[in-house]
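**Student:** Below you'll find the structure I mean.
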Amino acid sequence: MKSITPQVGFVLVGGGAKGAYQAGALKYIAEETTIEPHIIAGTSIGALNGAVLAANLTFDQGVRRLNELWDRLGDELILRPNTSTVLKTLSNAAQTTVPTFEKWSLDLLVQLQLLPKHTAIFDPEPIERLLREAVNLTNLRQGKELWVTVIPSLKIPGIDYDLLMSLVDLIRARIGTKAQWLCAQNFQDDETLYNLLLASAAIPLAFPQREINGQFYVDGALGDNIPLGALAAQGCTHAIIIHLDNGVIPIIIFFLELQ
């Protein structure tokens, strides 16, 4: 009987600010086990966490770097909302999971019959700056294979991507627009690769859509928040899913055998 060499993949699920818990779970794995990922698949904040891991020479270094960044985020204003009352209300919801945020935004806009003419609730500059500081793209291209979940966004020539178009993307995701898994190492242009990482966390209404090789994308959590299929497609035999839950326990680690 032919033996199969174990290939372990990590699935880093989306969950907004709860990504700090994910960093803590990874720290536990690094310190208390000998498990290291061969491949990483991430969605939303999980994709950004995964990029930091993959951009370091070793798993231990990546985990240390990731936890340093989350410690630093406690002192920085990364989510910088606009000042109107409506947008402040929406920003509170945007810092939770995508489904909750979607419900808040839709309910509020329906009740107020108001669609402000802003392309995004949050200023994208702080998170863009942090990503460029945290992720060395040369190292990322040479690091652990990273798959990023995104979902195609609607772009109509001559029409700005305002809040109305953001709502269209939310509705399209609800009725079945499929997410895509894109490999970070396949992108050689720096700006395109940064846009890929930012696209996975580009929650409609909260952050602007991102263009990648002529196609626009938004937050992959709308279509596939647990990209286990990306690992299965690449031949992983086992997967650890670090899930950010809304319940009492914020982190659930699942170990699955794929084959």
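Sequential numbering of the sequence shown, starting at -2, is according to this note's numbering. The beta carbon of each residue, even a glycine, is placed where N, CA and C say it ideally should be.
1. Please classify Lys175 as buried or exposed, where buried requires at least 16 other C-beta atoms within 10 Å of its C-beta.
2. On the three-pair Cβ rule with 8 Å, is the region 202 to 212 touching the region 131 to 144?
3. Would you give the residue range spanned by the beta strand (DSSP E) that Leu143 belongs to?
4. Considering only residues of the same chain and omitting the five flanking positions on each side of Ala38, which have a CB-CB separation below 6 Å?
5. How would you label Gln30, buried or exposed, when you count the other beta carbons within 10 angstroms and need 16 or more for buried?
6. Less than 7 Å between C-beta atoms, sequence neighbours within five positions excluded: which residues of the same chain meet that for Arg62?
7. Just to confirm before moving on: does the CB-CB distance between Leu151 and Phe56 stay below 9 Å?
8. Since Gly43 is in the beta strand (DSSP E), which residue starts that stretch and which ends it?
9. Among residues of its own chain, excluding the 5 on either side of Ser41, which ones have a beta-carbon nearer than 6 Å to its beta-carbon?
10. Just verifying my parser: in three-state terms, what is the DSSP assignment at Gln231?
11. Rounded to the nearest angstrom, what separates Glu142 and Arg171 at their Cα positions?
12. Any idea if Ala230 is buried or exposed, counting beta-carbon neighbours within 10 angstroms, 16 or more meaning buried?
13. For Gly220, which residues from the same chain have a beta carbon less than 7 Å from its beta carbon, with the 5 sequence-adjacent residues on both sides left out?
14. Output yes or no for whether 9 Å exceeds the beta carbon distance between Asn20 and Asn46.
15. Helix or strand or just coil, what does DSSP make of Glu208?
16. Tell me whether Ile146 is buried or exposed, calling it buried when 16 or more other Cβ atoms sit within 10 Å of its Cβ.
17. What three-state label does DSSP hand Leu179 in the structure shown?
18. Return yes when the Cβ of Ala236 is within less than 9 Å of the Cβ of Val5, no when it is not.
19. Tell me whether the beta-carbon of Asp166 lies closer than 9 Å to the beta-carbon of Pro201.
20. Can you list, in chain order, the residues of its chain whose CB lies under 7 Å from that of Lys24, leaving out five sequence neighbours each side?
21. Please confirm whether Ile32 has its beta-carbon closer than 9 Å to some beta-carbon of chain B.
22. Please report the straight-line C-alpha distance between Gly13 and Thr2, rounded to a whole angstrom.
23. Compute the distance between the beta-carbons of Gln118 and Ala203, then report whether it is under 9 Å.
24. Would you grab the beta carbon distance between Leu128 and Leu195 for me? Rounded to a whole angstrom, and I think it's under 8 Å.
25. When DSSP labels each residue in this structure, what does Phe56 get in the three-state scheme?
**Tutor:** According to the structure data:
1. exposed
2. no
3. 142 to 149
4. Val8, Trp144, Pro224, Ala227, Leu228
5. A quick correction: the sequence has Thr, not Gln, at residue 30. Counting Cβ neighbours within 10 Å, Thr30 comes out exposed, since fewer than 16 surround it.
6. So the qualifying residues of the chain are Val49, Asn53.
7. For the pair Leu151 and Phe56, the CB atoms are not nearer than the 9 Å cut-off.
8. Premise fails: Gly43 lies in the alpha helix (DSSP H), 42 to 51, not in any beta strand (DSSP E).
9. Answer for Ser41: Gly11, Ser197, Ala198, Asp216, Ala218, listed in chain order.
10. Note: Gln231 maps to coil in three-state DSSP.
11. Distance between the alpha carbons of Glu142 and Arg171 is about 29 Å.
12. exposed
13. Ile148, Ala170, Thr174, Lys175, Ala176
14. It should be pointed out that residue 20 corresponds to Ala in this sequence rather than to Asn. Against a cut-off of 9 Å, the Cβ pair of Asn46 and Ala20 comes out as a contact.
15. strand
16. Going by the sequence as given, residue 146 is Thr instead of Ile. Buried is the call here.
17. Residue state, collapsed to three classes: strand.
18. Yes. Within cutoff.
19. yes
20. For Lys24, where only same-chain residues beyond five positions count, the Cβ hits under 7 Å are Val60, Asn64.
21. No chain B is part of this structure, which consists of one protein chain only.
22. 34 Å
23. A small correction: the amino acid at residue 118 is Ile; Gln does not occupy that position in the sequence shown. Taking 9 Å as the Cβ cut-off, Ile118 and Ala203 qualify as a contacting pair.
24. Rounded to the nearest angstrom, the Cβ distance from Leu128 to Leu195 is 7 Å, consistent with a contact under 8 Å.
25. helix
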